[in-house]
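K.L.:
When the sequence shown is numbered by my numbering, its final residue is 1127 and no position is left out of the sequence of numbers. The C-beta atom is built at its ideal place from N, Cα and C for all residues, glycine as well. A quick note: this is a predicted structure, and the numbers were derived from the prediction, not measured. Sharing a structure below in structure tokens format, with a few things to ask.
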Amino acid sequence: MIEDYRGALVMSAYTAVSVGEHRWALLADIEVNELNRGAAAERPGMTGLLSLFYGLCLWSVWYWRGRDLPVTGGSLAGDAAVPALGDDAGPAA
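Dropping the structure here:
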């Protein structure tokens, strides 16, 4: 942040732009007061959206707690005939 020619605190950004054989400087600045005003205007909307998301998360935890989900489309790993680690039996010949 720097002070501009009026003494107001501003945030600035600079980049160089080449157009043909000429090199131009592109400078943008915004007053800190203006920036804070925009952020304060967005705060109630963001708070509502985050509260809704948080509420849905809490509801889903409450809804799914203690429920057993059915296993479909395959078998459990315990049903497969896979030798345990360290078992020397190996595949049947």
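1) Excluding the 5 residues flanking E1065 on each side, which residues of the same chain have their C-beta closer than 6 angstroms to its C-beta?
2) Contact defined as beta carbons within less than 8 angstroms: I believe A1062 pairs with A1047. What is the distance between those atoms, to the nearest angstrom?
3) Determine the extent of the beta strand (DSSP E) in which E1065 is found, giving its start and end residues.
4) Short of 6 angstroms in beta carbon distance, which residues of its chain neighbour D1102, apart from the five on each side in sequence? Order them along the chain.
5) Bridge partners for Y1039 per DSSP, in chain order?
6) Would you list the one or two residues that DSSP bridges to N1044?
P.N.:
For this structure:
1) Same-chain partners within the cutoff: A1042 and V1044.
2) In this structure A1062 touches A1047 by the C-beta definition: roughly 5 angstroms separates them, less than 8 angstroms.
3) H1056 to E1065 is the span of the beta strand (DSSP E), which, as asked, contains E1065.
4) If the five residues before and after D1102 are omitted, its C-beta is found closer than 6 angstroms to no C-beta atom of its own chain.
5) None, per the DSSP bridge assignment.
6) A small fix is needed here, since residue 1044 is Val in this sequence, not Asn. In the DSSP assignment, the residues bridged to V1044 are I1036 and E1065.
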